[in-house]
Every structure is written in structure tokens, then in C-alpha cells.
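Here is the structure we will look at, set down as C-alpha cells.
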Amino acid sequence: MKMWSGRFRQPLDRDFERWQRSFPFDQRLLAQEVAASRVHAQALQKTGIISANELNAITEGLAQMVEKAAVSPGFLDDDGAEDVHHFVEKKLVELIGETGYKLHSGRSRNEQIATDLRLYVRHATDQARSEIGDLIAVLLVRAEQAGGAAMPAYTHLQRAEPVLVAHWLLAYVEMLFRDLERLADCRKRTNLCPLGSGAVAGATLPLDRRSMAEQLAFEAPTSNSLDATTDRDFVLEFVHVLLHLSLHLSRWAEEMLLFSTQEYGFVTLPEKYSTGSSAMPQKQNADLLELARGKAGRIAGDFNTLVLVLKGLPLAYNKDLQETQEPLFDAAETMLSLLPLVAGWIQEVKFNYTRMQEAAQSGSLNAWAAATYLAERGVAFRLAHERVGNAVRLCLEKGCELQELTLEELRQFSPEFEQDIYTRLSVESVLALHDVQGGTAPARVKQAIAEGKRKLAAIREEVHAHA
Ligand code: ARG
């Protein structure tokens with residue numbers, strides 16, 4: 280039996296019927312649909328619409344359904360189910376008889392799908408937070424292992440200054456912490472319960488909304504029935520956070536792709552996560568990185584779809600909203616499957632510290648430090664900059680580094696140079712010079728790692744409490 284056929288004289292066009300069904304994709308929401316139905320049934324019993332026995336039968340039927348779905352995947356093969364809501368009703372009636380039809384008293388699929396999606400997003404949010412936490416943990420371990428190793432930092436993709444490898448890794452840790460914060464923030468707005476909102480104006484029975492919300496571990500019931508049945512902001516926000524995250528991962532992937540080329544040679548690709556070429560026997564391709572970069576485009580597409588579906592929708596529920604499901608599922612599943620792979624990759628990748636160190640020592644990356652040396656000796660910085668620039672020019676002509684110029688040569692540019700300039704030009708001294716909070720001086724980086732660990736432990740505790 281359909282959920283709405285009474286007023287119709289003609290059957291649906293067969294192609295249209297098949298085409299408008301959401302069950303092929305919203306069957307992912309079975310667990311959420313059952314959980315929400317269970318608490319609705321309890322609220323119904325309190326109103327007296329169903330008896331205690333009927334409540335038991337319904338609860339039992341719903342539990343059986345979850346079991347059957349878990350043990351036999353064929354249980355979900357149902358061409359006749361319009362959507363997950365219809366499926367649950369059909370199966371319930373198969374399992375417990377006509378009492379199953381009583382479950383839909385005083386509720387609408389509009390509030391149900393809104394509730395199911397909130398439960399889905401909340402769960403996916405917590406999964407994403409836990410996986411991002413694991414990824415940050417791996418980055419922190421790699422940062423600790425990197426110790427005092429240095430590498431060039433780039434601006435404009437040109438070597439700029441030396442930094443600790445750990446400092447560079449911590450840059451990604453920061454991005455991921457922001458993503459965690461965004462997830463925690465949008466979780467608050469997701470965690471409200473639409474049950475009892477009805478089709479658009481509120482339930483037609485005096486359902487205990489607070490109790491339903493509590494039983495599903497929502498913070499509170501939603502405040503307005505029109506908004507609650509049509510709101511998909513939480514979907515958009517969640518996918519937006521995933522988009523941010525995917526941009527971070529794609530920037531990381533791009534850097535790794537560059538660093539793994541023979542031209543850089545900073546990292547050696549883990550074979551476990553690479554593939555070969557069917558034509559060129561020597562090739563080792565970093566498919567994981569390229570796919571990670573590509574997935575950002577895919578998630579941006581999902582986000583865009585959501586924006587365009589929601590744009591201009593009048594209140595309240597419209598069937599267009601069904602189109603918000605697939606982009607949500609796609610973005611969530613794409614990201615949740617990618618994160619552990621990225622963590623695995625980072626755990627396995629080999630950093631070629633010698634090569635990184637060499638690169639950090641050439642290209643006059645200590646020029647700013649040299650100019651700072653002069654500034655400390657009273658030379659106006661602009662003039663110091665100019666003089667060191669002239670010295671760099673000489674280095675370029677001679678094919679050497681600043682520290683390879685003699686003191687006489689250096690003094691031709693600026694008489695303030697003394698013998699101690701040479702100790703100031705070493706990579707270690709240049710690193711130590713950046714001794715500000717957030718800078719690359721080793722002591723600061725050590726602090727940053729400790730701080731990162733503290734922050735991560737606190738977040739993991741919170742995520743654990745939600746699980
Ligand atoms: N499958 C529908 C969706 O995803 C469920 C809600 C149907 N509501 C309705 N009034 N037709 O949006």
C-alpha cells in the first residue's frame with residue numbers, strides 16, 4: 280500500500296514512479312529512521328493513540344527490521360518502496376500486521392527526513408572529527424620525529440627561508456584544527472530535533488517533543504515547524520566544512536606531489552599507496568595524492584549542488600529537498616574514506632632529510648638574517664636590505680653562498696660586517712633567529728608540538744563523550 284493513494288484514481292506512470300523514488304539512496308538512513316520511529320511510537324503511546332501492547336509490537340517489529348537488514352542485505356531489495364519511510368512502514372506491517380499502520384499517526388515524512396538527516400550528519404560529523412584527530416596525531420608524531428631537520432620554506436614557489444620540517448608539518452595541523460572547530464560549531468546547529476513538527480504546521484497530536492529530543496540525544500526540539508521541515512542549513516554547513524577540509528588535503532597533496540618529483544626529491548613515495556604505468560616500466564605514480572587532490576573538486580561539486588537546490592525554495596517542504604541527500608552522502612562518504620588513507624600515507628612516507636637540508640642551505644636563504652645582522656648594528660633596514668642584495672648579486676655571479684664570501688668581500692658592501700657574521704649565517708642560527716611565538720625557532724616548535732598534543736587530547740575526549 281502506498282502512503283498516499285486514497286485520493287488518486289489513476290496509477291502512477293511506471294517510469295515516473297521509478298524515477299522519483301529515493302529508496303535506492305535513502306536506505307542509508309534505515310538506522311536513523313528506525314531510531315526516530317521508536318521514540319515517536321513512545322510519544323504516541325503517551326497520548327493514548329496506541330496501547331502499551333501496540334507499542335511493544337511496534338518496538339519489537341522495528342528491532343527485528345534492523346536485525347534482518349544487518350544479516351541479509353537482500354532484505355533491502357524492495358522495488359515497491361518509495362523511500363526509507365515507506366519501506367519501514369511496509370516491513371513493519373509485514374512483520375506485525377495492521378498495527379504497523381498506526382505508527383504514522385500524527386507525523387509526516389517531512390519531519391522524518393529532516394530528523395533522519397540530522398542524525399546522519401551528527402554521526403558523520405563525529406566520525407570526521409575522530410578521523411581528523413587521528414590524522415593530526417600522525418602529523419604530530421612525524422613532526423616530533425623530524426627533530427631539528429630543516430627544509431626550505433617557499434613563497435611564490437621560490438625558496439624563501441629555512442624552516443624546521445616539523446614547523447612545516449605543523450602548518451597542516453593548524454588547518455585541521457580549524458576544520459575540527461568548524462565541525463564542532465556546526466554540530467551545535469545540527470543537534471536539534473524536528474520530531475513533532477508534522478508536515479508544516481506542527482504535529483496533530485500532543486506529542487512530548489522534549490522527551491523525543493532527549494531520547495535521540497538531541498540538545499532540544501527545533502523551534503519552528505515551517506523552518507524545521509524545510510531547513511537543510513546543517514547539510515550545507517557540514518558539506519562546507521568538508522569542502523574546507525578537502526581544500527586543505529588537496530593543497531597538501533599538491534605539495535607532496537611536487538616534493539616527490541625527482542626535481543625536489545624531498546620525499547620518497549610509499550609503494551603501498553602508489554601504482555605503476557601499464558606502458559612505462561620505471562614509473563611509480565602517486566595516485567593517492569592525485570585522487571585526494573581530485574576529490575576536492577568532487578566535494579566542491581556536491582557543495583555547489585546543495586547551494587543551487589536550496590536557492591529560491593519557498594517555505595516549507597518541497598520535493599526538491601530530496602536532491603540534497605545524494606550530495607550529502609557523496610561528500611561524507613568521499614571524505615570519510617579518504618581521511619584514514621591520508622593518515623596511512625603520512626605515516627609511511629619517507630622524508631629525505633639530507634636532500635631537504637641541502638636545499639635549505641643553498642639559494643641565500645640566510646639573506647634576511649644577514650640584513651637583520653646589519654640592522655642590529657645600526658644600519659637602517661632598507662639600506663641593509665640593499666647591501667645584502669648587492670652581496671647576493673655577487674654570490675650569483677660567483678656561484679656561491681653568502682657565507683662563502685670573504686669578510687673583505689662582505690665589508691665592501693657594508694663595513695659593519697664582523698667575523699661573527701659567519702656563525703649568524705648557518706641554518707641553525709637562521710632558524711634560532713625566528714624566536715617568536717608561531718615562528719620556526721626549535722624551542723618554539725617544540726612548544727607548538729606540545730600545545731598541539733594538548734589540544735588534540737582535549738578534542739578527542741570531547742569526541743569520545745559524544746560517541
Ligand atoms: N523522500 C522524501 C525526501 O527525501 C521524503 C519526504 C517526502 N515528503 C513528501 N511530502 N513527499 O525529501
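Going by my numbering, the first residue of the sequence shown is number 280, and it counts up by one from there.
We put the CB at the ideal spot given by N, CA and C, even for glycine.
Anticipated Cβ contact below 8 Å, residue i with residue j, distance rounded
{"i": "K734", "j": "F456", "result": "6 Å"}
{"i": "T404", "j": "R466", "result": "5 Å"}
{"i": "E653", "j": "E695", "result": "What sits at residue 653 in the sequence shown is Leu, not Glu. Sure, about 5 Å apart at Cβ, within 8 Å."}
{"i": "A314", "j": "L495", "result": "6 Å"}
{"i": "L448", "j": "R489", "result": "Wrong, their Cβ atoms sit about 47 Å apart, outside the cutoff."}
{"i": "M614", "j": "L521", "result": "5 Å"}
{"i": "L607", "j": "V479", "result": "That pair is no contact at about 22 Å."}
{"i": "V621", "j": "A571", "result": "6 Å"}
{"i": "D362", "j": "F302", "result": "5 Å"}
{"i": "A575", "j": "S529", "result": "4 Å"}
{"i": "T633", "j": "L712", "result": "The Cβ separation is near 23 Å, so there is no contact."}
{"i": "L704", "j": "Q682", "result": "4 Å"}
Assigned exposure category for residue i - 16 Cβ within 10 Å defines buried
{"i": "Y399", "result": "buried"}
{"i": "E373", "result": "exposed"}
{"i": "V367", "result": "buried"}
{"i": "P619", "result": "exposed"}
{"i": "W298", "result": "exposed"}
{"i": "V715", "result": "exposed"}
{"i": "K370", "result": "buried"}
{"i": "H743", "result": "exposed"}
{"i": "D356", "result": "exposed"}
{"i": "F545", "result": "buried"}
{"i": "H435", "result": "exposed"}
{"i": "A749", "result": "This structure cannot speak to residue 749, because the chain is shown only from 280 to 746."}
{"i": "M635", "result": "buried"}
{"i": "T603", "result": "buried"}
{"i": "P441", "result": "buried"}
{"i": "F538", "result": "buried"}
{"i": "T702", "result": "exposed"}
{"i": "A670", "result": "buried"}
{"i": "V350", "result": "exposed"}
Inter-residue Cα distance where the pair is residue i and residue j
{"i": "D305", "j": "L548", "result": "39 Å"}
{"i": "L505", "j": "K598", "result": "15 Å"}
{"i": "S387", "j": "E534", "result": "50 Å"}
{"i": "N503", "j": "S476", "result": "8 Å"}
{"i": "A791", "j": "G591", "result": "Nothing in the structure corresponds to residue 791, since the chain is present only between 280 and 746."}
{"i": "A649", "j": "V452", "result": "31 Å"}
{"i": "Q391", "j": "W283", "result": "16 Å"}
{"i": "Q311", "j": "D395", "result": "5 Å"}
{"i": "G718", "j": "D581", "result": "37 Å"}
{"i": "R690", "j": "L418", "result": "44 Å"}
{"i": "A722", "j": "A499", "result": "46 Å"}
{"i": "G642", "j": "L589", "result": "52 Å"}
{"i": "A595", "j": "T508", "result": "7 Å"}
{"i": "D510", "j": "L462", "result": "18 Å"}
{"i": "G353", "j": "G359", "result": "14 Å"}
{"i": "D458", "j": "N583", "result": "19 Å"}
{"i": "H664", "j": "V706", "result": "19 Å"}
{"i": "A331", "j": "Q324", "result": "6 Å"}
{"i": "A450", "j": "R468", "result": "29 Å"}
{"i": "S557", "j": "T540", "result": "20 Å"}
Which listed residue (the options) has its alpha carbon closest to that of residue i
{"i": "L568", "options": "M344, W531, E550, D699", "result": "W531"}
{"i": "G573", "options": "L526, P619, H383, A558", "result": "L526"}
{"i": "N645", "options": "R438, A659, A320, H523", "result": "R438"}
{"i": "L443", "options": "D458, L673, G427, T434", "result": "G427"}
{"i": "I578", "options": "A610, K562, P593", "result": "A610"}
{"i": "T554", "options": "A565, V658, L684, H519", "result": "A565"}
{"i": "E605", "options": "A720, L291, R300", "result": "R300"}
{"i": "I625", "options": "H319, I411, E676, S384", "result": "I411"}
{"i": "N335", "options": "E612, K369, T378", "result": "T378"}
{"i": "H319", "options": "L474, H745, D699", "result": "L474"}
{"i": "E339", "options": "V350, K325, Q321", "result": "Q321"}
{"i": "L382", "options": "P441, Y433, L484", "result": "L484"}
{"i": "G481", "options": "S384, Q324, S557", "result": "S384"}
{"i": "V586", "options": "Q324, D512, M559", "result": "D512"}
{"i": "E612", "options": "I728, E740, A407, E697", "result": "A407"}
{"i": "M747", "options": "R666, T540, R401, N631", "result": "This structure leaves residue 747 out entirely; the chain is present only between 280 and 746."}
{"i": "I728", "options": "Q424, L459, T501", "result": "Q424"}
{"i": "E516", "options": "R401, K562, A663", "result": "R401"}
{"i": "V628", "options": "H664, P352, L536", "result": "L536"}
{"i": "R317", "options": "V345, V658, L291", "result": "V345"}
{"i": "A445", "options": "G678, V724, A737, E550", "result": "V724"}
beta-carbon residue i near the ligand COA non-hydrogen atom, thresh 8 Å
{"i": "I738", "result": "This structure lacks the ligand COA; its bound ligands are the ligand ARG."}
9 Å Cβ cutoff, residue i in contact with chain B
{"i": "A649", "result": "The structure shown contains no chain B, having only a single protein chain."}
Can you list, in chain order, the stretches of the alpha helix (DSSP H) that have 4 or more residues and sit fully within the segment 481-551? 488-494, 504-509, 512-538
What alpha helix (DSSP H) runs, 4 residues minimum, are completely inside the segment 546-613? 566-589
Segments of 4+ residues assigned as alpha helix (DSSP H) that fall wholly inside the segment 618-651: 632-640
With a floor of 3 residues, list each beta strand (DSSP E) that falls wholly inside the segment 295-335, ordered by position along the chain. none
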